[in-house]
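Chemist:
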Amino acid sequence: MTQILFKDINKKDLHTLAVYEETGGYKSLKKAFAKEPDEIIEMVKASGLRGRGGAGFPCGLKWSFLAKDVFPRYLCCNADESEPGTCKDRELLLKNPHLLIEGMILCSYACRIETGYIYLRGEFYDLCEIMEKALEEAYAKGYLGKNILGSGFDLDIHTHLGAGAYICGEESALLNSLEGMRGEPRMKPPFPAVQGLYAKPTVINNVETLCVVPYIVNEGAEKYAAIGTEKSKGTKLVSVSGHVKKPANYEVVLGTPVREIIYDMAGGMRDDNQLKAFIPGGSSVPMLRADQVDTPYDYESLQAAGSMLGSGALIVLDHTVNVVETSLRLVSFYMHESCGKCTPCREGTRWMWQILHQIQTGKGEAAHVEELLDICDNMSFKCFCPLGDAAVAPVASSIQNFRADYEELLQRMTANTV
Amino acid sequence: MIQGAFAGIKNLLIGLGVTFKNMVTKPVTVQYPEVKRTMPERYRGRHFLNRDENGLERCIGCSLCSINCPVGCIHVVSAENDPENRVSPGERYAAVYEINLLRCIYCGYCEEACPVDAVVLREHYELADYDRDKYIATKEDLLVYPKPNEFRVNILGNTERVNR
Amino acid sequence: MADNEVTLTIDDQTITVPKGTKVVDAAKTVGIEIPVFCYHEKLGSLGCCRMCLVEVEKMPKLMTACTMDVGPDMVVKTTTERVEKAQKGVLEFTLLNHPLDCPVCDKGGECPLQNNTFKYGPGDTRMDFQRANNLKAAPLSPVITLDRERCIACQRCTRYSEVIEQDRALVMLNRGFHNEVGTFNNEPYDTRFSGNVIDICPVGALTNTQFRFKARTWDLTNSDTLCAHCGCNCNMTLGVRTNKFMRIESRPNDYVDDGWICDKARWGYDFLESKNRIMEARTTLDGASKTLPVKDAAAQAANALKKIADEHGPGSIGFIGSPYGTNEELYLYQKLFRQQLGTNNIDHKVYAETPGLPIPHYDVSEIETSDLVLVIASDPTEELPILDLRIKKVVTRGNAKLAVLNDQSTLMDRYAHLSLRYDIGAAAQVFAALANTLAGEKGEVQDTGITGEQLNSLMDMLKSSKKTTIIYNPAALTGQSVDVLKHLLSEIGKISSMECGAIPAAPYTNAVGALDMGVLPNYYPGGVPLADAEAVKQQSGENSPLEAGLSAMEMIEKANSGELKALLVHRANPVVDFPGSKKIADALKKLDLLIVHDMLETETSQLAGIVLPSNGPGHDDGTTTNIGGRVQFRKGGLKTTNAPDWKIISMMAKTLGDETDYITSFSVTDEIAKMVPGYGDISKKSIKKMGLARTAAQYQNGTKPDSAKSQPAKSDGLKLRIASYLFAHDKILDADSRLAHQFKPSTVHLHEDDAKKLGLKNGDDVIVVSGDTQVRAEVEISGKCNPGGVVLPRISDEQGVLGLAGADGISSVEIRKA
């Protein structure tokens, strides 16, 4: 089993610089500084690394899109991991903060950035302390600050705690929040690569993405590209949660069938119940049926199956679950987290919640299901940012795949009231 | 000639037949003003402003009646309600509500336009008077329900206000 | 097709528009309407309402037309089924929790949400839940009420506060479904320009408290008029119903106001129905005060003036006009006094401004294309608020740099790239020094509060600029510094690498018009000087008086010495507004005859023998010339039984033998077009919509100032600078005004050093003394001026600050503890 990010993850005191260096940490810097910045971008491009935050945009391509000759540039590490089901970045930050710092140094060097920010989710204040300590160590050892390892390259990294808004995980809302404004997504274009933080070119990457970069620099792009499938290269951290025996973060080679993740890695269903549904990529992606469990876990196959890899949170539901409740739970999350900027998301999430709540409490009508589908249609791809589409995903897919659940609930409740 | 005489009598009898027939049927006219006709429920006579069940004025002073009026005979000046001392249940009320009954064509558009069923045209049809000035119906003329009707029929058969 | 143009297709129509145009604006050019809520052309894109979704070929998603720039060969469709479904869907969402308030809503009838729903919306809603309830009347400030239920969170108002006002006073609070418009800590939203949010609100959420539930919009008679407060002459609409003043709205004119008006324009018109108005003519000439018809009063006034002129010579009568009068009034008055009464004792001001400029007179819109704005001695924020917005606009969008040269710090300094503060009273010396430096000579800046380097950096800014707009306030320049400034302007005009122009920004409605109309002792209309006898005779006839007249302050002096016997004051209040207030009342009392022609009762009208009623703005028609030289028509809206001012003046002229008949105010305008140089193109038609810039008045080359003369006089006290405050409590904004919450207490701004010397601290009650005038004030120690000076904003008429000023506006004051 190939382990890149979780290779030494359970080593004692890995979060300290000394132990990290023991495991070969910060070795990539020397290698990198020997190369031209553009070569590193080429390497990352060649490795086929794709963004691990949710959208899956090729990482090297993103770096090469930075506006030419505009300085200063900024790097923002998106550690605002708030997607229900996802907790992979948390584990990396908790146990291996130096890996992220190393990744950020490499990215900054490649993109000629002199200031980096780690935007941490508001609830991560304990991780913020760990991160601060790690940064301190790195500064003391000369991995950060002026003239890193005598290369003439300067980099400062700051941490920033958010105020607890899911929307700030959206890259442009993150920039707004970092600038001290309301966490609302910005208009695109201009894209952050052209006008991002303080209207300067900005790279925004997920924690996991940046953590992969040291491996690519150390071991070469080819070695990384050899892992995984043809189009989905490398490994992916998967947060398995729900009705499995061993919910945890697993590092999975892309292309592994979902069945293997659920039944082999996570130990199978709890009480050996029957699998009913699974959400492959965090709450923002459509849920899939049990018969799709043999889908390989990679970007393309999941998309072909009608869902997405997203942030890599595999939520498993067994046969005791009525998906209406799942949808209601997820929609209430999106209703609470909608920033309120655009109309369909602000009003639509609440309306969906009202209808689902009504169905759940037994006051639903048969027409409500069609109504929900129409609201989903009116919302999807018409909102300002992907949050609206994300809110639609569980509802639309649950109706599509498990319409019987809705009808059963409607019938049962009507029978009760009559 | 005899034939002509017969024809004359026959026609006379036909005419008298109609007369006698109508002598025994119920008359279509009434002895106005001693007897008053009951008007159909939806008859569009004189306007009134309704009150709601709490005795507040229904009218919210939206002026939709006035803009819908084809002859422009309604004048509304609205004002904001004092929450302590409400005139109407909404936020605004009509401080002035006047209908020029002389100009009105009793088309009932105002009633149709009213979003709160405040202005209605009712069965009162005796609208003649000697003084033109009395035809500007103000709020106190229009807001007579549910108070006892303050109108009575005078000896000339005209509707007049009891206490002006 | 030029490089900066793009051709695209919208609904089968091919159009070519400039690059960077938004699709929604491009569609508008060919009459295709794309519905919007959050988009506003002055605020830019936001894309939050999602109403403007359109289909673009080759794009999988529907796109928002308001955020998308046009692209070459783009094919946009606005009427496909997909688009219509989306529009219906978005409108359903928008209306989901919007109350069915239309019958009571003040926006009803002019509401974009109503219109769009009617055109694009679903006929019905499927929402069968309890609609969200919220606060129906939340006062944002004493003049703005927010209906939270109606708000659709389009963020126009908050963006206005951020982008246009630049202070982010109004913000969105909370998140998601709970988000709402508000201010930090629920402070009142009472900026200088807060009212504009009412106009841009696409629903009835932000409402004008004054107009709240007073009338329906379709019942109003709207007259397109101009604001009559400051010199900006912003365009506005006066809504009247049954001859009662209802509300004021902005009326965009990019040459003048860029679509905005200030709060004083919106709520400062309560004087139209003030108790204090002069409604009828009265006379005390025959003993007790009695009223009489306006016609008789006009005749009596004209005859009395003529009698005194005949007895004591034309030099014994005088006229003090007002920079607040219309061109017609000013023109007719100077004509009456010059042609019928034969005197040149005509003036309208107490500062030393002359008509014309040595460099072009720029229209306000020229600021937008400038790359340097130089503000001299002007405080646009308080004096000409809409000019302030315009300057902020160009500066904050990075299109221009701002340099400020002033003796007090102003809010403009916050945006300035270079801000120089000279000592109070040192203006002339600084201008001379800068002029000399520009001319290549040595500029002396000793004892002026600014350094040679600072002066040089200003000069560098000027020299590196391609187009400069200079804004100066002649009313804030005391003594002869205006002359020196004009010399400076001509030196700046000599910089060959740069285009430049100036805006004389005196804070009075028609200050430029008053100069143009020749309400001056030594200039005829159009800036024709008395010295040029030929030109005068050619322009105004053989009998035109040619001996120099008295300026306003000289007239007061002569009245005091008894040489001036009669004075007509039109729409001015010398007793309060002229320097040395108390002395002026004494002087006016010595006159044989004082005629006051005014709108509101003033301290001066109380002294008058004959009082004529003036209708003023809101009632009378007329034209005014704004600070940018644009002549616009100010229409009346309210009806009155009194004759308009121009007619009263015409009656006086007719009593004295003038035979011209004026039918409407435009008859006078036509005569102005004929008689006043520079106004040749002005006619009813030509100024109809946007107004028309008149040709600037002729400028007499000034002489190079004597540097010794411009040396500030040494004195012991602190030098006084009287500053302006937009919402001063005066006759216009009286105690009943809706803007009374903006009134401020009397405050004197001191420099730290001076405060230490005098042993004063913040908040101390002091008396500011000059001669026998005392003004109470509270101390505020701020860096508002350099050491050795005090800044005293004029906050009310009662405060009496002008009593402290010397005849030429310069004065030293002493500060004592109260």
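Chains as they are written, first to last, in the working numbering: chain H, 1195 to 1612; chain G, 130 to 293; chain D, 124 to 941. Even for Gly, the Cβ is constructed at its ideal location relative to N, Cα and C.
List the residues of chain G whose Cβ lies closer than 7 Å to the Cβ of F316/D, in chain order.
Modeler: By 1-based counting over the third sequence, the position of residue 316/D is 193. Within chain G, no residue comes near F316/D; the closest Cβ sits about 25 Å away, beyond 7 Å.
Chemist: Within the same chain, show all residues whose beta-carbon is closer than 6 Å to that of L258/D, passing over the 5 residues directly before and after it, in chain order.
Modeler: Position 135 of the third sequence, counting from 1, holds the residue named residue 258/D. Counting only Cβ-Cβ distances below 6 Å, and skipping sequence neighbours, we find R271.
Chemist: Quick one: measure Cβ to Cβ for L723/D and N399/D, integer angstroms, because I've assumed they're closer than 8 Å.
Modeler: Looking up residue 723/D in the third sequence gives position 600. Looking up residue 399/D in the third sequence gives position 276. Contact flag correct, Cβ pair sits at about 5 Å.
Chemist: At which residues does the beta strand (DSSP E) containing R844/D begin and terminate?
Modeler: Start at 1 with the first residue of the third sequence, and residue 844/D comes out as number 721. Run containing R844/D: 841-846, per the beta strand (DSSP E) assignment.
Chemist: Taking 9 Å as the CB-CB limit, is W390/D close to chain G?
Modeler: Your numbering for residue 390/D matches position 267 in the third sequence. By this cut-off, W390/D is not an interface position.
Chemist: Give the residues from the segment 225-246 of chain D that approach chain G closer than 7 Å (Cβ to any Cβ), ordered along the chain.
Modeler: P226, V227
Chemist: Can you pull the chain G neighbours of D342/D, defined as C-beta to C-beta under 7 Å?
Modeler: As a working note, residue 342/D is residue 219 in the third sequence. Contact annotation for D342/D against chain G: S192 [CB-CB distance below 7 Å, chain order].
Chemist: When the Cβ atoms of the segment 620-636 of chain D are set against those of the segment 794-802 of chain D, are three or more pairs found closer than 8 Å?
Modeler: no
Chemist: Pick helix, strand or coil for I234/G, following the three-state DSSP scheme.
Modeler: By 1-based counting over the second sequence, the position of residue 234/G is 105. Under the three-state reduction of DSSP output, I234/G falls in the coil class, being neither helix nor strand.
Chemist: Can you list, in chain order, the stretches of the alpha helix (DSSP H) that have 4 or more residues and sit fully within the segment 164-235 of chain D?
Modeler: 204-219
Chemist: Can you name, in chain order, every residue of its own chain whose Cβ lies under 7 Å from the Cβ of A1507/H, other than the five neighbours on each side?
Modeler: Along the first sequence, one-based indexing puts residue 1507/H at 313. Once the five neighbours on either side are set aside, the close Cβ partners of A1507/H are E1277, G1279, T1280, S1433, S1435, G1475, G1476.
Chemist: Enumerate, from N- to C-terminal direction, the unbroken alpha helix (DSSP H) stretches of 4 or more residues contained entirely within the segment 608-686 of chain D.
Modeler: 634-639, 656-663, 675-684
Chemist: Run through the segment 457-499 of chain D for me and flag every whole beta strand (DSSP E) of 3 or more residues, listed as ranges in chain order.
Modeler: 495-499
Chemist: For the segment 745-759 of chain D against the segment 715-732 of chain D, do three or more pairs of beta-carbon atoms, one drawn from each stretch, fall closer than 8 Å, so that the two count as touching?
Modeler: no
Chemist: If you follow the alpha helix (DSSP H) that M402/D is part of, which residue opens it and which one closes it?
Modeler: By one-based count along the third sequence, residue 402/D stands at place 279. Counting along the chain, M402/D falls outside any alpha helix (DSSP H), and DSSP gives it neither H nor E.
Chemist: Which residues in chain D sit within 7 Å of F1385/H, going by Cβ to Cβ distance?
Modeler: As a working mapping, residue 1385/H is identified with position 191 in the first sequence. Within 7 Å Cβ-Cβ: nothing; F1385/H doesn't reach chain D, min ~13 Å.
Chemist: Any contact between the segment 201-215 of chain G and the segment 238-250 of chain D? By contact I mean 3 or more CB pairs, one from each, below 8 Å.
Modeler: Below 8 Å, too few C-beta pairs join the segment 201-215 of chain G and the segment 238-250 of chain D to call them touching: fewer than three.
Chemist: Could you compute how far the alpha carbon of S728/D sits from the alpha carbon of N302/D?
Modeler: For this step, residue 728/D is matched to residue 605 along the third sequence. For this step, residue 302/D is matched to residue 179 along the third sequence. The alpha-carbon separation between S728/D and N302/D amounts to approximately 54 Å.
Chemist: Buried or exposed: H1209/H, going by 16 or more other Cβ atoms within 10 Å of its Cβ?
Modeler: Position 15 of the first sequence, counted from the start, is the residue given in the question as residue 1209/H. Buried is the call here.
Chemist: Would you tell me roughly how many angstroms separate the C-alpha atoms of I918/D and L856/D, rounded to the nearest one?
Modeler: Reading the third sequence from its first residue, position 795 is the one you call residue 918/D. Reading the third sequence from its first residue, position 733 is the one you call residue 856/D. Rounded to the nearest angstrom, the two C-alpha atoms are 11 Å apart.
Chemist: With DSSP run on the structure shown, which of helix, strand or coil describes Y545/D?
Modeler: For this step, residue 545/D is matched to residue 422 along the third sequence. Of the three classes helix, strand and coil, the one that applies to Y545/D here is coil, per DSSP.
Chemist: Which residue comes first and which comes last in the beta strand (DSSP E) that contains C1271/H?
Modeler: Against the first sequence, residue 1271/H aligns to sequence position 77. Segment 1268-1273, the beta strand (DSSP E) holding C1271/H.
Chemist: Any beta carbon from chain H within less than 9 Å of D126/D's own beta carbon?
Modeler: For the purposes of this step, residue 126/D is taken as the residue at position 3 of the third sequence. So, not an interface residue.
Chemist: Can you list, in chain order, the residues of its chain whose CB lies under 6 Å from that of E921/D, leaving out five sequence neighbours each side?
Modeler: Taking the first residue of the third sequence as position 1, residue 921/D is located at position 798. Same-chain partners within the cutoff: there are none.
Chemist: Whose CA, out of K589/D, Q333/D, V553/D, I482/D, lies closest to the CA of E576/D?
Modeler: For the purposes of this step, residue 576/D is taken as the residue at position 453 of the third sequence. Residue V553/D is the option with its Cα nearest to E576/D.
Chemist: For N256/D, count neighbouring C-beta atoms within 10 Å of its own C-beta (all shown protein chains included) and say buried if the count is 16 or more, exposed if not.
Modeler: Counting from one through the third sequence, the residue named residue 256/D turns up at place 133. The residue is exposed, with fewer than 16 neighbouring Cβ atoms inside 10 Å.
Chemist: Terminal residues of the continuous alpha helix (DSSP H) containing P437/D?
Modeler: In the third sequence, the residue the question calls residue 437/D occupies position 314. No alpha helix (DSSP H) contains P437/D, which DSSP labels as neither H nor E.
Chemist: Go to V1447/H, then tell me how far its beta strand (DSSP E) extends in each direction, as first and last residue.
Modeler: Here residue 1447/H refers to the residue found at position 253 when the first sequence is read from its first residue. Residues 1442-1447.
Chemist: Let me see if you follow: with CB-CB separation under 9 Å, is A260/D close to chain G or not?
Modeler: Position 137 of the third sequence, counted from the first residue, corresponds to residue 260/D. Output row for A260/D: interface = yes.
Chemist: For a cutoff of 9 Å on Cβ pairs, would you count I265/G as touching chain D?
Modeler: Taking the second sequence and counting its residues from 1, one reaches residue 265/G at position 136. I265/G does not count as touching chain D.
Chemist: Measure how close the beta-carbons of L915/D and L691/D come, nearest whole angstrom, since I'm counting them as under 8 Å.
Modeler: Position 792 of the third sequence, counting from 1, holds the residue named residue 915/D. Position 568 of the third sequence, counting from 1, holds the residue named residue 691/D. Actually they are not in contact, since the Cβ atoms of L915/D and L691/D sit about 31 Å apart, beyond 8 Å.
Chemist: Can you list the residues of chain D that S1532/H reaches, using a CB-CB cut of under 8 Å?
Modeler: For this step, residue 1532/H is matched to residue 338 along the first sequence. Here the neighbours are R298, G299, F300.
Chemist: Could you tell me the boundaries of the beta strand (DSSP E) in which L1329/H lies?
Modeler: Here residue 1329/H is taken as the residue at index 135 of the first sequence, counted from 1. Premise fails: L1329/H lies in the alpha helix (DSSP H), 1319-1334, not in any beta strand (DSSP E).
Chemist: Compute the distance between the beta-carbons of G438/D and E782/D, then report whether it is under 9 Å.
Modeler: Position 315 of the third sequence holds residue 438/D. Position 659 of the third sequence holds residue 782/D. No, the pair does not count as a contact, with Cβ atoms beyond the cut-off.
Chemist: Have a look at S737/D, K681/D, Q662/D, G664/D and flag the residue whose alpha-carbon is nearest the alpha-carbon of R694/D.
Modeler: For the purposes of this step, residue 694/D is taken as the residue at position 571 of the third sequence. Cα-wise, what sits closest to R694/D is S737/D.
Chemist: Is it true that the CB of T1537/H sits closer than 9 Å to the CB of F300/D?
Modeler: By 1-based counting over the third sequence, the position of residue 300/D is 177. By 1-based counting over the first sequence, the position of residue 1537/H is 343. Result no, Cβ atoms of F300/D and T1537/H do not sit closer than 9 Å.
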